[in-house]
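Counting in the numbering used here, the final residue of the sequence shown is number 1384, and the numbers go up one at a time with none missing. Idealized CB from N, CA, C, for every residue including glycine. Just so it is clear, the structure is predicted and the values come from calculations on it, not from any experiment. The block underneath contains the structure these notes are about, expressed in structure tokens.
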Amino acid sequence: MDTISKFDFDLRSDILAPASDIVASAIAAAARRPGEFLWREDPIERALEHRVCEILGKSAAALFPTCTAANIAGLVALGARERALVLEDMCHLMTVEMAGLDWLSSPQVLSYSQQGGALDLTKCLGQSDAIFCLENTHNRRGGTVLNAQQTNAIAQQAKERGWSVFLDGSRLWNASVASGDSPAALASPVDLVSVSFNKGLGAPNGAALAGDERTIKSAVEAWRLLGGICRPSHVLAAGALAVLDDISLLGKDHALAQEAAAAVALLPGYSVTNPQTNIVLISGDKLGLDGAELCASLGRAGLGCLAFGPRHVRLVFHRGISADSAPMIADIFRKIASRERDD
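Shown next, in the form of structure tokens:
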């Protein structure tokens, strides 16, 4: 039975991207056979680890249930209990995942500012030992991309200080498609990288952590102690492995995001970011609507999105949104603007 969304266009997140027929078939085939008893022993999971290593250019990888799990386990493995964390002031680790990290390790946290490749480490210059964290693409900045050259330059600044470098690559696949740089080129400057299989790609769930063998083993052990291991793992791994053939298709989501953003930008009353990937941030300030009010109005009109900070809503395009939907999405914004002006 098909799931019925309460929205005509559900753009709350790309985790809502539906599985392709190939992915669904791979999951069904895996579910029809027994899995292995031990974590990281199933042949499908082993194949996934090997493929992730090939794509990201790392020597070891492990499957995790979510990217948050991979991030937390990875940072603990890098020494978050003893070392400072240097986080960009608007990154997902800082704004969403910090509570879990703080509960586990109570790290010292230092923040830095970043706009594209420009980096301000003024607040962190006295720190001799730290884990420096990047996010690519950057969620709260509207899916912005660091290309391989920028990533290498930023990571080099951290490594010159003797810091480890961690990359939250939940949407690294989008960054690769948008920049034209391979995932390996984007991941090579960092010590440890997380990636998601359900954001945009259409796996029901799952993420991976990739780096050197010692650190990956430490991250796996940290997550095992928290009871977070998935076994049998073959069904989760099968969906994740199958979606890796669809990375290039993310370009269609980027194109649709650009088309919709351009259409809404033509309407009076809205300020719209120019999307680099599949995320569009829109403000209704000129209509007198804050982010929560605009989000509620859009929801009532059939468009699901998230209020993003005090001023904006976030729209995330994915394979579940039809390629011809941009005019219809823009029309929803047009009707809201017209109603607000009439009021």
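Are there 16 or more other CB atoms within 10 angstroms of the CB of residue i, so buried, or fewer, so exposed?
i: Gly-1203; result: exposed
i: Ile-1172; result: buried
i: Phe-1207; result: buried
i: Glu-1201; result: exposed
i: Gln-1317; result: buried
i: Ala-1069; result: exposed
i: Gln-1190; result: exposed
i: Leu-1267; result: exposed
Give the secondary structure of residue i by DSSP, where H, G and I count as helix, E and B as strand, and everything else as coil.
i: Ala-1102; result: strand
i: Ser-1154; result: strand
i: Val-1064; result: helix
i: Met-1042; result: In this prediction, Met-1042 has a pLDDT of 37, which is less than 50 and means its spatial position is unreliable; what the coordinates show is noted afterwards. Three-state result, Met-1042: coil.
i: Phe-1349; result: strand
i: Cys-1271; result: coil
i: Val-1234; result: strand
i: Cys-1108; result: helix
i: Asn-1223; result: Sequence check: residue 1223 is Ser here, not Asn. Coil, per DSSP.
i: His-1179; result: strand
i: Leu-1308; result: coil
i: Arg-1255; result: helix
i: Val-1127; result: strand
i: Ile-1362; result: coil
i: Ser-1147; result: coil
Ordered along the chain, which non-local residues of its own chain (more than five positions away) have a Cβ less than 7 Å from that of residue i?
i: Asp-1331; result: Pro-1351, Arg-1352
i: Gly-1098; result: Ala-1225, Ala-1228, Ser-1229
i: Lys-1240; result: Asp-1055, Ile-1056, Ser-1211, Arg-1212
i: Leu-1128; result: Leu-1134, Met-1135, Val-1150, Ser-1152, Cys-1174
Excluding the 5 residues flanking residue i on each side, which residues of the same chain have their C-beta closer than 8 Å to its C-beta?
i: Tyr-1311; result: Val-1305, Ile-1323, Ser-1324, Gly-1325, Lys-1327, Leu-1328, Phe-1374, Ala-1378
i: Phe-1349; result: Arg-1181, Leu-1322, Gly-1332, Arg-1355
i: Leu-1308; result: Ala-1371, Phe-1374, Arg-1375, Ala-1378
i: Glu-1300; result: Ala-1367
i: Phe-1050; result: Gly-1343, Leu-1344, Gly-1345, Ile-1362, Ser-1366, Met-1369, Ile-1370, Ile-1373
Just checking my contact of residue i with residue j at CB under 8 Å: how many whole Å lie between their CB atoms?
i: His-1359; j: Ala-1060; result: With 8 Å as the limit, His-1359 and Ala-1060 do not qualify as a contact, their Cβ atoms being about 12 Å apart.
i: Gly-1120; j: Leu-1250; result: So it is not a contact: roughly 15 Å between Cβ atoms.
i: Ala-1103; j: Val-1261; result: 5 Å
i: Arg-1092; j: Leu-1233; result: At roughly 18 Å, the Cβ-Cβ gap does not stay under 8 Å, so Arg-1092 and Leu-1233 are not in contact.
Go through its chain and collect everything with a Cβ distance to residue i's Cβ below 6 Å, but skip five positions before and after it.
i: Met-1042; result: At Met-1042 the pLDDT is 37, less than 50, meaning the model places this residue with poor confidence and gives no usable figure here.
For the segment 1249-1261 against the segment 1063-1078, do three or more pairs of beta-carbon atoms, one drawn from each stretch, fall closer than 8 Å, so that the two count as touching?
Flag = no, the segment 1249-1261 and the segment 1063-1078 do not touch.
Any contact between the segment 1263-1278 and the segment 1079-1096? By contact I mean 3 or more CB pairs, one from each, below 8 Å.
yes
For the segment 1291-1305 against the segment 1341-1348, do three or more pairs of beta-carbon atoms, one drawn from each stretch, fall closer than 8 Å, so that the two count as touching?
No: fewer than three Cβ pairs fall under 8 Å.
Do the segment 1264-1274 and the segment 1183-1196 meet, that is, are 3 or more Cβ pairs less than 8 Å apart?
no
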